[in-house]
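Q: Per this note's numbering, the very first residue in the sequence shown carries number 20; after that it's consecutive.
Quick reminder that beta carbons are idealized off the backbone N, C-alpha and C, glycines included.
Just passing along the structure, written as structure tokens.
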Amino acid sequence: MFKSIFSRLAAIFVLIIVFSFTMIAFIITSLVGDYAITMKTETVSDTATSARRVMELAFSEDGEYDVEVMRGMLSAPINSNTIHAFITDVSGNVLFYDESSPVAPIKSAIPGDIMLQALRDAGYTGVTDLGGMLGTASIVAAQPIDDPNGNSRAAVFVYTNSHAETEMLSSLVRTIVLSTMWVLIAMLLAIYFVSERTIGPLKSMSRAAKQFASGKLDVRVHVSGNDEIAELATAFNSMAESISTMEKMRSSFLGNVSHDLRTPMTTISGFVDGILDGTIPEDKHEYYLRIISSEVKRLSRLVSALLDISRIQAGERKFKPEYFDICEMARQILISFEQLIEGKKLDVEFDVERDSMIAYADVDAIHQVLYNICDNAVKFSREGGELRLRVFSSEKKIHVAVYNEGNGIPEEDLPFVFDRFYKSDKSRSLDRTGVGLGLYISRSVMEAHGEKIEVRSEFGKYCEFEFTLREGKEQKTKSIDVQAIRERGQL
């Protein structure tokens, strides 16, 4: 029934306003009505008292009275055309009415119980129709009329109806109802415009999301204002941009993986066939078998990286922190790149704060991270450039930084360096072995350790990667077995 935001808001606010105004109307009419009845009762009672005093002046000293004189005197205390009076004898029979009374003279008597109260000195006050005499319930006050000897000889009845008060309350209720209607109209208009202002962008985002789901990754929503809706639209666009970028990287990755799988397999197949059919002479077999071995290792590294990604995403890779010497690990990794470093004639600087610095982390995982960073640093260094590896402590953390001079990373690519499938060497001229997963794995490892890894670069000049480790106490540490790590597929 209430599917839209507008209908829900409208229903809620209508109920609140109607309930509120109903309560206000009830309270106001009750208070005003009670006050009006009280004031009119006092007026009628005072008029009856005044009429009694006037009527008692009509008695002679012997206790007799002249009806005509009393008839003339009855109108004197009545100064309102809504208040009327009549005189009865002690038996309750009506003797006469005031001249303006709308009630025709009748012969019926006043009910006995009311008459008894009327003849008492305190008189009678109440709301009654006097046994049907007045036709409708009215405010009635009665007082006894005594002769000079103190004997009750008659009674004066003063009455008025409540038509004026009823009309006033009806008018008040009509005013409240009209006010409620105007407030409801104004509120519904306000809710409509506010909901349209809110729902409009949401509908736009819904349409964009559906288009996005259908494959139109270039769809974006218009952002206007600076409220929460604008923030949501901005976040949606940021999400869309990230997904679009990730999709491009995924497509690029699939192309790269396909290429990296197809190329070595083609090479292996060609050389194996050549050896089998005798195309390749026997004295060249060893040379081509070494090439085949290299291509097999390349395929193994690719499969290992893909399996690593799968285990990380599934949360299956468990880390076992241990105490180890990060300086010793860094030395051994640098030594493993000795031939490549000499081939590029790199100027290497190994800068450690102390000869031995104890870190607490998973040894194999950190070795993988540092090896991958050093591998990239050597691979992308310019010939004769500087390669610097620093290990230092700061704020109870060990910092490991690897710096190399080379092309660096374009500024626009820096936010995506640690994303899956990212490769800065789009042409693949510098990196023929990588698949763009190493830095993603490195970041995942550091995040699993609760540590940070970051990159700084100036395109065309340098690039530096730095990560932190928990600093451990000086105690017995695990030795770094590079060969064992190689056999586990971490290198």
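1) Whose C-alpha, out of F40, G131, F176, is nearest the C-alpha of R72?
2) In whole angstroms, what separates the C-alpha of N387 from that of S463?
3) Would DSSP call V113 helix, strand or coil?
4) Over the uninterrupted beta strand (DSSP E) stretch that includes R407, give me the two end residues.
5) Cutting at 8 Å between CB atoms, please list the residues of its own chain near T217, excluding the five before and the five after it.
6) From A467 to A380, what distance separates their C-alpha atoms?
7) Using a Cβ-Cβ cutoff of less than 8 Å, which residues in the same chain neighbour D148 once the five nearest sequence positions on both sides are dropped?
8) Alpha carbon to alpha carbon, how far is G297 from R320?
9) Check H386 in the structure and name its three-state DSSP category.
10) What span of residues does the beta strand (DSSP E) with A141 cover, start to end?
11) Is the distance from the Cβ of E266 to the Cβ of L221 below 7 Å?
12) Within 10 angstroms of its Cβ, does V315 collect 16 or more other Cβ (buried), or is it exposed?
13) Excluding five sequence neighbours on each side, which residues of the same chain lie with their C-beta closer than 7 Å to the C-beta of K364?
14) Can you tell which of I328, L208, V240 has its C-alpha closest to the C-alpha of G219?
15) Can you give me the C-alpha to C-alpha distance between I310 and P300, rounded to a whole angstrom?
16) Give me the Cα-Cα distance between E430 and S288, rounded to the nearest whole angstrom.
17) Does the structure place the region 194-206 close enough to the region 32-40 that three or more beta carbon pairs sit under 8 Å?
18) Which residues share a DSSP beta bridge with T487?
19) Out of curiosity, what's the CA-to-CA distance linking L135 and M58?
20) Taking the beta carbon of T253 as the centre, do at least 16 other beta carbons fall within 10 Å, making it buried, or is it exposed?
21) Three or more C-beta pairs under 8 Å: does that hold for the region 47-57 against the region 159-166?
22) Measuring CA to CA, which of M89, E483, G150, F338 is closest to L76?
23) With H, G and I counted as helix, E and B as strand and the rest as coil, what does DSSP make of T60?
24) Buried or exposed: where does P167 fall if 16 or more other Cβ atoms within 10 Å of its Cβ makes it buried?
25) What's the call for L458, buried or exposed, on a 16-neighbour Cβ count within 10 Å?
26) Alpha carbon to alpha carbon, how far is H103 from N170?
27) Threshold first: 4 residues or longer. Then list the alpha helix (DSSP H) segments lying entirely within the region 165-233, N to C.
28) What residues are listed by DSSP as bridge partners for E341?
29) If you count every other CB in all the chains shown that lies within 10 Å of the CB of E357, and 16 or more means buried, which is it?
30) Once DSSP output is grouped into helix, strand and coil, what is the label at F25?
31) From which residue to which residue does the beta strand (DSSP E) around I428 run?
32) Look at the alpha carbon of V213 and the alpha carbon of N245, and state the distance between them as a whole number of angstroms.
33) Where do the N-terminal and C-terminal ends of the alpha helix (DSSP H) with I106 fall, by residue?
34) Any idea if S190 is buried or exposed, counting beta-carbon neighbours within 10 angstroms, 16 or more meaning buried?
35) Of the choices N426, K303, G111, M74, whose alpha-carbon is the least far from that of I133?
36) Can you round the beta-carbon distance between C482 and N423 to whole angstroms, since I take them to be within the 8 Å contact cut?
A: According to the structure shown:
1) F176
2) According to the sequence as given, residue 387 is Gln; it is not Asn. Their Cα atoms are separated by approximately 12 Å.
3) strand
4) 405-413
5) I24, I248
6) 10 Å
7) G154, T155, A156, S157
8) 30 Å
9) helix
10) A141 -> no beta strand (DSSP E), and no H or E assigned at all.
11) no
12) exposed
13) E402, G403
14) V240
15) 15 Å
16) 41 Å
17) yes
18) H418
19) 25 Å
20) exposed
21) no
22) M89
23) helix
24) exposed
25) buried
26) 25 Å
27) 182-232
28) A380
29) exposed
30) helix
31) Run containing I428: none; DSSP gives neither H nor E here.
32) 15 Å
33) Looking at the DSSP string, I106 is not in any alpha helix (DSSP H); the run it does join, the beta strand (DSSP E), is 103-108.
34) exposed
35) G111
36) 6 Å
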